[in-house]
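Written below as structure tokens is the structure these notes are about.
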Amino acid sequence: MTTAQAGLARWHDYMMGGSDPAVLSALLADDAVFHSPVVHTPQAGKAVVMAYLVAASHVLGNDSFHYVRELVDGDEMMLEFVTELDGVTINGVDIIRFNEGGKISDFKVMVRPLKAINKVWEMMASQLAAAKT
Numbered sequence: 032m033t034t035a036q037a038g039l040a041r042w043h044d045y046m047m048g049g050s051d052p053a054v055l056s057a058l059l060a061d062d063a064v065f066h067s068p069v070v071h072t073p074q075a076g077k078a079v080v081m082a083y084l085v086a087a088s089h090v091l092g093n094d095s096f097h098y099v100r101e102l103v104d105g106d107e108m109m110l111e112f113v114t115e116l117d118g119v120t121i122n123g124v125d126i127i128r129f130n131e132g133g134k135i136s137d138f139k140v141m142v143r144p145l146k147a148i149n150k151v152w153e154m155m156a157s158q159l160a161a162a163k164t
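To convert, count from 1 in the sequence shown and add 31; that's the numbering used here.
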């Protein structure tokens, strides 16, 4: 198993194991970058990426969340997911790059359809605002 594959296994453990922030922190590189489906500039740095991914796990990680497809190419992974929020079916992908140490260095989320993007934006904004207070 490569370090990237081991990192992916730890990501799945994080997602299915209650989304423990300490587990996520151990998964992220210090210079990690997050690409949001609704924020146009990349968000850089471990603390910022942590904030986005913790908020996303609260918003998207409900009982209906599940990965439906996984593509692995070396240190890059594409994980397609489906979930439902307030009656809106959300289909998206997590595109994850792992560094040589098996830590997440780049994380991009893409979501469809437009109705789903709007719902994710609304709920993520609320989560991120609550985290700042």
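Note that CB positions come from ideal geometry on N, CA and C, so glycine has one too.
Computed from a predicted model, the values in this text were never measured in an experiment.
Straight through space, the alpha carbons of valine 103 and isoleucine 127 are spaced by roughly 10 Å. Taking the Cα positions, leucine 116 is about 15 Å away from alanine 156.
If you look at threonine 34, you'll find it in the alpha helix (DSSP H) that goes 34 to 47. Look at serine 136 here: in three-state DSSP terms it is strand. Glycine 105 sits exposed, since fewer than 16 C-beta atoms from the chains shown fall within 10 Å of its C-beta. In this structure methionine 81 touches proline 52 by the C-beta definition: roughly 7 Å separates them, less than 8 Å. Look at glutamate 153 here: in three-state DSSP terms it is helix. Around asparagine 93, the same chain offers Thr114 as residues with beta carbons nearer than 7 Å, after the five sequence neighbours per side are excluded. The C-beta distance from leucine 58 to glycine 76 rounds to 15 Å, too long to fall under 8 Å, and the pair is not in contact. Within the same chain, Lys77 and Met81 come within 8 Å of serine 56 by CB-CB distance, once the 5 residues on both sides are set aside.
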